[in-house]
Structure formats: structure tokens, C-alpha cells
Amino acid sequence: GENVEQHPSTLSVQEGDSAVIKCTYSDSASNYFPWYKQELGKRPQLIIDIRSNVGEKKDQRIAVTLNKTAKHFSLHITETQPEDSAVYFCAAIQSGGSYIPTFGRGTSLIVHP
Amino acid sequence: EAGVAQSPRYKIIEKRQSVAFWCNPISGHATLYWYQQILGQGPKLLIQFQNNGVVDDSQLPKDRFSAERLKGVDSTLKIQPAKLEDSAVYLCASSLGEQETQYFGPGTRLLVL
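Order-wise, the sequence lines are chains A and B. Residue numbers in the first sequence follow the working numbering, run continuously in steps of one, and reach 107 at the last position. Residue numbers in the second sequence follow the working numbering, run continuously in steps of one, and reach 116 at the last position.
So, in C-alpha cells, the structure goes:
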């Protein structure tokens, strides 16, 4: 089955700095990679996703890059704000018959004012 | 549009007791997921339905966990008998299709004593 590794587990930055979270996956059949933000005590919510036919996608301060050859993808947040503080999860969705999602363990992002 | 509904929101039981969780997905969403999220970890897929058929249940502890999605709409997840290690948040999610955005419910926080 798929294995998703996420790093770092904790990331502390100053307001205005950039934050980068990296994930690697093992199954080359995975072709859809969403990122979720989960605030304390709340449900995960999709913030951005990327499919394997593109290398980069951007939405305002958030961007995701994908390297299919190396099997890794990254979340980039620029000009961080305190409200960006949350746990971020990456996921890889396998294809080929069934589309099974596998999540990373999460990164706790803390943005200090 | 209404989101994914789950009940109950909290449940405390003693080990060896049974418990059931209910999920009502977003109207029209064919795919329904049940996840187990242990504190400090990412969501772990337990079972995935496409309409009323099971797509994947490879990580469902079938000796104690069962789930059904009658009529392809609402779903229930049952644990019988519960163990201490079942203490977690049980998240239900739904999506239009298997590689579409997943929308999560608020979760049921289970504590097994």
C-alpha cells in the first residue's frame, strides 16, 4: 500500500516569514495530492490540491509543488499570519481501480506575531 | 450547501461496551469515508464506500468494527466490543467522486475507559 511521510512534525516561524512542509510518497500510481488544514478541535479543510499532470499550483499565499520523479510534493505558505497556525496534513490518493487516500502524520505550524 | 453531519459529537464508554456513530454526507456525494484520527496523527482510512458498495476496508479491524451504508446515503460505523486503544476522533468525509475534494464532518470524539 501507499506510505506518506511528512516533515517537519513541528514548524515555528515569525509572522511574515515563509513556511515549507514536505511530503514523500511511495506508490507511483498516486496521482492526486490534496493538502488539508486542521485548526484545534475543528475538522480538516482542503486548502489546495494538485494532480500529477501539473508541477505547481498557486492560490494567493499558498502554493504546492510536485516532483513525480522524486515522489515528493511540498506546501509553501508565504507571508505567514498568526491565523495560519494549525496542523497541516498532506495526502496521496492512489489510482488504478480504487482511489484510496493515505494521509501524512501532520505538521503543526506555529506563527508567532 | 449543508455540510457533512455526524452524531454523536462525544461519547464516553467503558471497554468491552459497544458504540455506534452516524454520518450523513453532503447530498449527491457518492463517495463516503470513515477515518480514525488518534491524537497527534493524521486521519487513517478505515473504510471507503462508493454509493452503497465497499471500495476499501483493508484497515478496518473487522473482528470488532463494522460499517454499512444502506441505500448509498447515510452510514453507520459500529465498534463491538470497544478497546482502550479505540479512543480517537472518528471522522466521516464525503466527496462527489473518488478523486474529488473530500469534505469532513465535525467528528465524533470517543473515549474508552
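We treat Cβ as the ideally placed atom computed from N, Cα and C, and that holds for glycine. Predicted, not measured: the structure shown is a model, and the values here were computed from it.
A direct Cα-Cα distance of roughly 43 Å separates A/Leu5 from B/Leu73.
For B/Gln9, no Cβ of chain A is located within less than 7 Å of the residue's own Cβ.
Nearest CB-CB separation between A/Pro95 and chain B: below the 7 Å threshold. A/Leu40 has a beta carbon lying within less than 7 Å of a beta carbon in chain B.
Within 9 Å of the CB of A/Ser92, the CB atoms of chain B belong to Gln51, Gln53, Val58, Asp59, Glu101, in sequence order along the chain. If you ignore the 5 residues before and after B/Gln40, its C-beta comes within less than 8 Å of the C-beta of Pro46, Lys47, Ala91, Val92, Tyr93, Leu94, Gly110, all in its own chain and listed in chain order. The beta carbons of A/Lys31 and A/Ile42 sit no closer together than 7 Å. One Cα belongs to A/Ser20, the other to B/Leu99, and the distance between them is close to 26 Å.
In this structure, B/Ala23 sits near B/Lys81, with a CB-CB distance shorter than 7 Å.
Beta-carbon to beta-carbon, A/Val(-2) and A/Ala86 are separated by about 5 Å, close enough to satisfy the 8 Å threshold. Here the C-alpha atom of A/Gly(-5) lies approximately 10 Å from the C-alpha atom of A/Pro95. Between the alpha carbons of A/His106 and B/Glu17 lies a distance of about 41 Å. Interface flag for B/Pro84 against chain A is unset, since no Cβ pair is found closer than 7 Å.
Using a Cβ-Cβ cut-off of 7 Å, B/Phe68 does not count as an interface residue toward chain A, since no Cβ of chain A sits closer than that to its own.
For A/Val7, same chain residues with a beta-carbon under 8 Å away, outside a window of 5 residues either side, are Ala13, Thr74, Leu103, Ile104, Val105, His106 in chain order.
Only Thr34, Tyr36, Tyr38, Gln40, Gly43, Gln44, Gly45, Pro46 from the segment 24 to 46 of chain B bring a Cβ to less than 9 Å from some Cβ of chain A. Chain order gives the chain B residues near A/Tyr26 as Gln102, where near means a beta carbon separation below 8 Å.
In the three-state reduction of the DSSP assignment, A/Pro28 falls in the strand class.
Here B/Leu49 is buried. Its C-beta has 16 or more other C-beta atoms within 10 Å.
Closer than 7 Å to the CB of A/Ile44 there is not a single CB belonging to chain B. Residue A/Ser3 holds the alpha-carbon nearest to the alpha-carbon of B/Gly43 among A/Ser3, A/Ser68, A/Pro76, A/Asp78. If you draw a 10 Å sphere on the C-beta of A/Tyr93, you find 16 or more other C-beta atoms in it, and that means buried. Our two residues, B/Phe107 and B/Ala8, have alpha carbons roughly 9 Å apart in a direct line.
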